[in-house]
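When we follow full-length UniProt numbering, the leftmost residue of the sequence shown carries the number 1, and every step to the right adds one.
For each residue, glycine too, the CB sits at the ideal point set by N, CA and C.
Here the structure is a predicted model, which means the values were calculated and not measured.
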Amino acid sequence: MSNDDFKGTKLSYNEPVNVLVLGVDAGDYKNRKSSHTRSDTIMLVNYDPNENKAFILSIPRDTRVKINGDYCKINSAHSIGGAELTIKTIENFLNVHIDYYVEIDYEGFRRAIDAIGGVDVVIPRDMHYKSYDLDINFKKGEKVHLNGELAEKFIRWRKNNDGTGYATGDLGRISTQQEFLKLILMKLKTPEGIIRIPNLLNTVVRWTKTNVPPKLMVYYAYKAIGMHADSIESETLKGEPKYISGISYYIYDEDKNKEVLSYFKKDNDLIIIILNSTNVSGLAKKYKERLSQLGYKNIKTGNHSITYEKTEIQTSNLEIAHKIKEFLKIGEVNYLKDNKNEIIIILGTDAIK
């Protein structure tokens, strides 16, 4: 897929953005030829420029999904239909919208790390693995300056030749990749990193496939300079490994991921339910019309069986709840766990004006 096949979303500079990051096994990025190899790393990143915060969700490559009517591992989507099919698969599977994508192979990754001058890492465990194409040799506790070649070995390591490795298998490798990505972002904050941002951007343009508009890419890169370590959160899609018909899969748990996926929902994904607890007919409809002025479109109305004296705004999305409270000038905000994409407003007698 060329950069022009998936146009992406037209966003203003300060809008939250969802970016799919794909690390693939190989590809001809110099000539931008179609490269239908499996994706080795899948990360969904939400970046909010207003808050200057990022949330990284790693999707295990063995996650079981439906592709063209058949159950497959999610990393197969790229080998079947490239980034475009991977994007569609994830959007349908997780019910999120992806604005842009970045696809990079190991060659591009090595060059990107070299472009920022490498990254310092304290090795978390012994890593000793040798094969025909890899020679990994790191000792636990040593501080190593990783150039592109060494960084590739660090993030690719899964187990040693003696069979020892991450207790959680591929989930352990995902955790290492998340922490390494944070180190990259923190490197960009340093004087050396700031100076090297133009070099990194040139490398990204040349050695990746992406549909992030160039001006937006530059804006995000320099905006990241102001990020703090605690401004970057990371999670792995929750689920459990399971063998099905002799094949090892990672089974997604929808209920356990509701709160995590809420980071990737936008205001226009929000569902607002207005319930009238009073005996005043048409009150919920009146407040629906008022909230529509804020741009909310998915608003449902109904009645509540118990009368409330004071209006309640129930959700785990406290930021939006307080925004609504301030606009309506009534109500109390009550935290409702795992309910970030749905806001329930129970109109009390204080809503009668």
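Annotated three-state conformation of D126 is coil, per DSSP. Taking the Cα of Y252 as reference, the smallest distance to any Cα among S245, T236, G193, K53 is reached at T236.
If you draw a straight line from the Cα of Y129 to the Cα of N161, it comes to about 5 angstroms. A Cβ-Cβ contact shorter than 7 angstroms links R173 with R158. For the pair N95 and E142, the Cα-to-Cα distance works out to about 42 angstroms.
For E342, same chain residues with a beta-carbon under 6 angstroms away, outside a window of 5 residues either side, are I271 in chain order. In the DSSP assignment, I343 forms a beta bridge with I272. Remark: fewer than three beta-carbon pairs, one from each stretch, lie closer than 8 angstroms, so the segment 113 to 132 and the segment 84 to 99 are not flagged as touching. Between L188 and V119 a beta carbon distance of about 10 angstroms is seen, past the 8 angstroms cut, so the two are scored as non-contacting. Here the segment 247 to 261 does not lie against the segment 270 to 288, with fewer than 3 beta-carbon pairs under 8 angstroms apart.
Residue nearest to A221 within the set K53, T9, I42 is K53 (criterion: CA-CA distance).
In the same chain as G226, and ignoring 5 residues on each side of it, the C-beta atoms closer than 6 angstroms to its own belong to N52, in chain order. For K288, the uninterrupted alpha helix (DSSP H) run begins and ends at 283 to 292, by DSSP.
In this chain, the beta strand (DSSP E) harbouring P241 covers 239 to 244. Taking C-beta separations shorter than 6 angstroms and ignoring five residues to either side along the sequence, the partners of F55 in its chain run N46, E233, Y263, following chain order.
For M43, there is no enclosing alpha helix (DSSP H); the residue is part of the beta strand (DSSP E) that begins and ends at 39 to 48.
Out of P49, G81, G82, S39, the CA that lies nearest to the CA of T63 is found in S39. In the three-state scheme derived from DSSP, where H, G and I count as helix and E and B as strand, L57 is classed as strand.
When the alpha-carbon of Y106 is set against those of F138, N202, Y71, L150, the nearest one is in L150.
As DSSP reads the structure, R64 sits in a beta bridge with K73.
In this structure, the beta-carbon distance from V121 to V144 falls below 7 angstroms.
Leaving aside the five residues that flank V218 on each side, the residues in its chain whose CB is nearer than 8 angstroms to its CB run, in chain order, L201.
Cβ atoms of Y100 and G8 come within 8 angstroms of each other, at about 5 angstroms. P60 places its beta carbon 7 angstroms or farther from that of Y296. For V205, the number of other beta carbons within 10 angstroms of its own is below 16, and it is reported as exposed. Counting along the chain, no beta strand (DSSP E) covers G169, and no H or E run does either. In this structure, I324 lies near I313, with their beta-carbon atoms less than 7 angstroms apart. Beta-bridge annotation (DSSP): S234 is paired with I56.
A residue is called buried when at least 16 other Cβ atoms come within 10 angstroms of its Cβ; Q293 does not meet this threshold and is exposed. DSSP places Y219 in the uninterrupted alpha helix (DSSP H) bounded by 214 to 223. In this structure, the CA atom of H97 is about 10 angstroms from the CA atom of L44.
V19: member of the beta strand (DSSP E) spanning 17 to 24, first to last residue. If you compare the alpha carbons of E319, Y308, S316, K337 with that of G331, the shortest gap goes to Y308. Within a 10 Å sphere around the beta-carbon of T190 sit fewer than 16 other beta-carbons, which makes this residue exposed.
Taken atom to atom, the span from the alpha-carbon of K139 to that of I299 is near 57 angstroms. DSSP, read as helix, strand or coil, puts L188 in coil.
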